[in-house]
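Residue numbers (this note's numbering), protein chains in the order written: chain A, 16 to 272; chain B, 16 to 272; chain C, 16 to 272; chain D, 16 to 272.
Think of the CB as a built atom: it goes at the ideal place given N, C-alpha and C, for glycine as much as any other residue.
Since the model is a prediction, treat every value here as computed from it, not as a measurement.
4 protein chains.
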Amino acid sequence: MADNTWASAITSVVPNQIRVRGYRIDELMGRVSFGEAVYLILRGELPGAAVGRLMEAMIVASIDHGVTPPSTLAVRNAATTGAPLNACIAAGALAVNRHHGGAVEDCMRLLARGAERVAAGETAASAAGALVAAEKAAARRLPGFGHRVHTYDPRSHRLLALAKEAGAAGPHVAVAEAIVAALARGGKALPLNVDGAIAAVLADLGFAPELANGFFILARTAGWMAHVAEELSREKPMRRIDQQSCAYDGPPPRDVA
Amino acid sequence: MADNTWASAITSVVPNQIRVRGYRIDELMGRVSFGEAVYLILRGELPGAAVGRLMEAMIVASIDHGVTPPSTLAVRNAATTGAPLNACIAAGALAVNRHHGGAVEDCMRLLARGAERVAAGETAASAAGALVAAEKAAARRLPGFGHRVHTYDPRSHRLLALAKEAGAAGPHVAVAEAIVAALARGGKALPLNVDGAIAAVLADLGFAPELANGFFILARTAGWMAHVAEELSREKPMRRIDQQSCAYDGPPPRDVA
Amino acid sequence: MADNTWASAITSVVPNQIRVRGYRIDELMGRVSFGEAVYLILRGELPGAAVGRLMEAMIVASIDHGVTPPSTLAVRNAATTGAPLNACIAAGALAVNRHHGGAVEDCMRLLARGAERVAAGETAASAAGALVAAEKAAARRLPGFGHRVHTYDPRSHRLLALAKEAGAAGPHVAVAEAIVAALARGGKALPLNVDGAIAAVLADLGFAPELANGFFILARTAGWMAHVAEELSREKPMRRIDQQSCAYDGPPPRDVA
Amino acid sequence: MADNTWASAITSVVPNQIRVRGYRIDELMGRVSFGEAVYLILRGELPGAAVGRLMEAMIVASIDHGVTPPSTLAVRNAATTGAPLNACIAAGALAVNRHHGGAVEDCMRLLARGAERVAAGETAASAAGALVAAEKAAARRLPGFGHRVHTYDPRSHRLLALAKEAGAAGPHVAVAEAIVAALARGGKALPLNVDGAIAAVLADLGFAPELANGFFILARTAGWMAHVAEELSREKPMRRIDQQSCAYDGPPPRDVA
């Protein structure tokens with residue numbers, strides 16, 4: 016019936032040929048990085064090489080954060096009951112919500128309000144001051160700022176530096192940094208956390224906030240795979256997983272050559 | 016209680032410092048590719064640059080295959096009911112099983128049987144012949160060979176070429192190619208499909224078969240994000256999704272510059 | 016640490032004794048119906064027998080609706096890829112959202128607005144008229160009214176009749192019926208669908224709207240189990256599931272003795 | 016295309032009429048219990064009233080077991096991150112696997128081996144002795160026997176008593192009881208746990224082992240709903256959920272009137 020017809024602009028598949036956004040997938044393989052391919056499939060065009068590296072850095076930043084995040088606990092709890100790998104990953108994805116991973120989306124919306132002010136002629140500092148005041152007045156926490164473990168989030172600093180190197184830092188990054196300064200001035204110093212830094216970069220790259228937690232899930236899937244493999248190789252089934260009783264016993268600190 | 020203590024060798028998190036397998040995550044960002052980071056977190060050591068590129072190519076190969084795979088239909092069906100993005104991705108992951116994506120794992124086990132024969136002194140051709148005969152005698156299909164759409168899978172050829180360039184092609188790749196030759200000699204030509212090529216490469220890189228469908232889910236998450244975004248921007252809620260009524264209307268064929 | 020302590024009022028488990036809301040579970044077994052037990056665990060008290068029967072009828076009403084609902088398609092699509100039963104059920108649950116099954120929650124909130132008006136002295140007819148007008152002015156559809164297949168939903172009529180028999184029909188049921196009358200008077204006749212009838216009954220029983228889609232999932236799990244069993248026993252793996260090409264070939268119409 | 020046509024024998028839906036296995040669903044509502052409806056949809060025929068009550072008792076037995084089961088922890092962990100109810104339930108279903116809830120399926124297969132021996136002329140005691148010896152020789156644990164908390168599982172005794180009252184106890188129940196006796200004679204007393212009792216009853220009722228964990232998920236969904244509601248009403252988001260720090264503060268012990 017005619018009204019069931021629809022169209023997709025993502026991937027064309029005909030016998031012996033697969034094209035993603037027009038490019039042969041076998042030509043993309045080995046020529047573009049995964050970060051570039053992710054940008055391509057979501058935006059329709061290949062990014063420049065610098066933005067590709069930025070995408071990769073953003074995904075690397077989210078690859079793991081140890082055993083305590085609720086999503087990783089969900090993955091380990093599923094694994095200990097005997098769930099297959101894909102079900103463990105699904106359980107992890109289901110634990111990425113407003114309160115965990117979701118700050119990226121909320122922070123993108125917050126920074127967008129600041130970027131609008133900047134576009135209307137305000138300075139980033141002024142826009143940031145207005146946002147901080149508004150959220151304080153509404154008794155809301157600033158998503159993307161502060162961390163339960165880190166007072167300085169090394170991932171954020173590195174990511175913003177890479178964004179600037181790539182020429183991809185725009186008003187959202189500027190507002191994010193201005194909010195940190197405004198908070199410090201106000202006597203309530205909070206670091207930009209990795210969610211906030213990713214939010215600023217994604218927003219300046221033009222991604223929609225609705226996609227934000229997908230990047231986290233994509234990156235963290237690699238971490239979850241490592242946790243499932245470790246759970247199965249080192250632990251007994253049906254154990255009580257106590258996140259506070261876990262010690263790190265991996266390689267000692269070392270530097271990338 | 017003492018018996019609740021356990022250990023993890025993946026990531027250490029202390030205030031203001033996160034180390035994955037011993038490396039500072041902010042140092043990894045921008046210095047290693049996502050493919051290298053995935054290898055690192057799963058194997059404990061950084062790979063060489065060539066293997067890193069091979070990992071990336073393998074993930075790019077799996078990024079999307081249009082609207083017909085059952086997992087993508089599961090994602091679109093969830094999206095049309097109003098599911099949030101993470102639930103759509105979870106629904107996709109739950110549709111990656113033995114019959115869809117699972118051929119990688121099964122093929123890894125098949126090729127391992129062949130590689131054992133090669134290690135014991137047989138040629139790849141002889142090992143392949145024995146495997147083909149054994150599976151035929153048992154009336155089993157060869158996982159990783161044949162495709163419902165493609166008689167020549169361009170992804171497989173590209174991936175094996177990259178594996179050889181990287182010096183990473185070993186007995187599993189040799190046996191996979193020998194199986195294709197044996198099938199052709201036997202009058203039943205079947206291509207090595209992308210699952211089979213990924214299986215050969217993962218096995219020669221030393222990955223465990225149990226992780227196989229995780230790589231597929233990780234890569235395809237990017238594709239699923241694109242399908243969810245497209246579903247929400249172009250279609251009405253609660254539509255009947257008929258995979259055979261979908262036309263491609265994206266960019267025309269083009270080449271990577 | 017002290018701040019990790021918490022409490023639960025649902026079930027106490029000590030060696031050889033399990034009590035749900037204070038009652039021994041082995042004493043509940045065989046003495047109360049599942050509908051009564053569901054009411055007990057959610058509300059903390061056993062309902063009267065009539066409300067127990069009403070709960071059971073509500074759950075029976077949701078047990079299945081054939082092969083076309085998106086959640087059932089999600090279940091079948093997972094099953095055809097080889098997913099285990101629990102993953103098929105999870106895929107089904109993930110497809111129960113705002114646009115599918117979610118009308119119960121939305122309708123409960125709508126009827127609550129009507130019931131507030133009734134509590135403030137309006138008649139149900141007046142409250143219903145106000146709601147219909149308000150939703151029309153806002154160009155919103157009325158959740159719980161209308162059905163893509165049925166112009167008369169037999170489940171709704173039966174459920175409201177049972178609610179009245181049980182003495183459990185209150186202002187939410189009255190407003191729901193008044194909305195049907197108001198729509199008919201306005202020339203736009205729409206039946207109360209099963210979601211709307213369940214919404215009215217749940218609301219008059221005092222359940223929170225947030226729990227609404229849980230009842231649907233609970234009931235439909237039985238239907239999904241039947242669909243998985245049928246898929247595995249009658250169909251080949253990895254088939255294309257076309258909901259419009261399915262014929263019914265079960266028992267002919269018959270009456271409950 | 017002709018080869019896309021298929022059939023389902025479960026539910027027929029035509030405008031204004033829904034029939035489950037031939038019966039009008041509105042006629043089933045209020046006339047049959049949920050247990051009878053579950054039996055009907057899975058087996059194709061309504062059971063007698065006694066079997067219906069047994070089905071209900073079996074489902075009531077599984078409705079909850081406090082906060083420590085891994086599936087309930089998965090549900091609570093999802094809820095604390097802000098997941099919607101259906102995603103919490105899906106996360107719970109994904110944690111029901113071989114090591115948790117899966118003993119029902121494994122025990123059904125074990126008892127089937129015993130029932131075959133009984134059908135071939137052995138006594139239940141002899142069949143049980145052979146099974147215990149075989150599993151001991153293979154160093155396998157007996158699924159359905161023993162419990163980490165209970166040395167006497169009150170649910171099992173009640174369920175078998177109800178099965179006998181219903182005239183539904185057959186060779187699987189007999190073998191299950193004979194295994195308990197054989198273990199006690201062998202000096203290794205283990206109770207029949209609720210998984211084992213459900214396994215025996217389901218097997219004597221003629222259900223397929225593949226469906227076993229579906230009954231658990233169906234029943235436990237009600238418990239999971241209660242845990243989500245309690246988590247949201249009593250706890251803060253993103254808390255660390257320590258199962259050993261939870262006290263019961265619900266109603267004191269009481270009896271069903």
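query                                                                                                                 : result
Residue-chain proximity (A10 of chain A, chain D), Cβ-Cβ < 7 Å                                                        : Residue coverage of chain A in this structure runs from 16 to 272, which leaves residue 10 of chain A outside it and unanswerable.
DSSP-derived helix/strand/coil call for M44 of chain B                                                                : coil
Three-way DSSP call (helix, strand, coil) for A17 of chain D in this model                                            : Because A17 of chain D carries a pLDDT of 46, less than 50, the predicted location of this residue cannot be relied on, and no value is offered for it.
The region 22-33 of chain B touching the region 107-121 of chain D, judged by at least three CB pairs closer than 8 Å : no
Residues from the region 115-139 of chain B in contact with chain C, defined by Cβ distance under 9 Å                 : H115, G116, G117
F160 of chain B vs V75 of chain A beta-carbon contact at 7 Å                                                          : no
Residue-chain proximity (A102 of chain D, chain B), Cβ-Cβ < 7 Å                                                       : yes
Length of the line joining the Cα atoms of P186 of chain B and R163 of chain B                                        : 27 Å
DSSP-derived helix/strand/coil call for I74 of chain D                                                                : helix
Interface flag, A17 of chain B vs chain D, CB-CB below 7 Å                                                            : At A17 of chain B the pLDDT is 46, less than 50, meaning the model places this residue with poor confidence; the figure from the coordinates comes in the next sentence. Closer than 7 Å: no.
Nearest-angstrom Cα separation, counted from I78 of chain A out to Q259 of chain D                                    : 30 Å
Within-7 Å CB hit, N92 of chain C to chain D                                                                          : no
Option nearest D275 of chain A by Cα separation, candidates A:T26, A:T95, A:M123                                      : This structure leaves residue 275 of chain A out entirely; chain A is present only between 16 and 272.
Strand pairing of L207 of chain A, partner residues [DSSP]                                                            : A:F160
Min CB distance S27 of chain C to chain B below 7 Å                                                                   : no
Counted within 10 angstroms of its Cβ, other Cβ atoms place S23 of chain C as buried (16 or more) or exposed          : buried
Buried or exposed by the 16-neighbour rule on C-beta atoms within 10 Å, applied to V271 of chain C                    : exposed
Reduced DSSP category for V53 of chain D - H, G, I as helix; E, B as strand; rest coil                                : helix
Any non-hydrogen atom of the ligand NAD closer than 6 Å to A272 of chain D Cβ                                         : Inclusion of the ligand NAD in the displayed structure is not the case, the ligand content being empty and no account of it being possible.
Inter-residue spacing [alpha-carbon to alpha-carbon] between M16 of chain C and P85 of chain A                        : Confidence is the limiting factor: at M16 of chain C the pLDDT is only 41, short of 50, which leaves the residue's position unreliable and the question unanswerable from this model.
Start-to-end residues for the alpha helix (DSSP H) that takes in I232 of chain A                                      : 227-249
Own chain, CB closer than 6 Å to E246 of chain C, minus 5 neighbours either side, in chain order                      : R91, A94
Proximity below 7 Å, CB of G107 of chain A to CB of A89 of chain A                                                    : yes
Nearest residue (CA-CA) to L226 of chain C, options D:V216, D:G67, D:P99                                              : D:P99
Neighbour list for P267 of chain A in chain B, Cβ cutoff strictly below 8 Å                                           : G37
Delimiting residues of the beta strand (DSSP E) encompassing T26 of chain C                                           : 26-29
Whether M240 of chain B touches A72 of chain A by CB criterion (7 Å)                                                  : no
Interface residues of chain B facing D257 of chain A [CB-CB closer than 7 Å]                                          : N19
Sheet register partners of N112 of chain A (DSSP bridge)                                                              : A:H115, A:G116
Interface partners of A105 of chain C on chain A, CB under 8 Å                                                        : A102, A105
Contact list for P30 of chain D against chain C, beta-carbon separation under 8 Å                                     : V164, H165, T166
Within chain A, partners of R46 of chain B - CB distance below 7 Å                                                    : V271
The region 225-238 of chain D: positions lying closer than 9 Å to chain A by Cβ                                       : none
F160 of chain D at chain C interface by Cβ criterion, 7 Å                                                             : no
Local Cβ density within 10 Å of W21 of chain D, reported as buried at 16 or more and exposed below that               : buried
Meets three-Cβ-pair contact criterion under 8 Å: the region 176-186 of chain B and the region 205-223 of chain B      : yes
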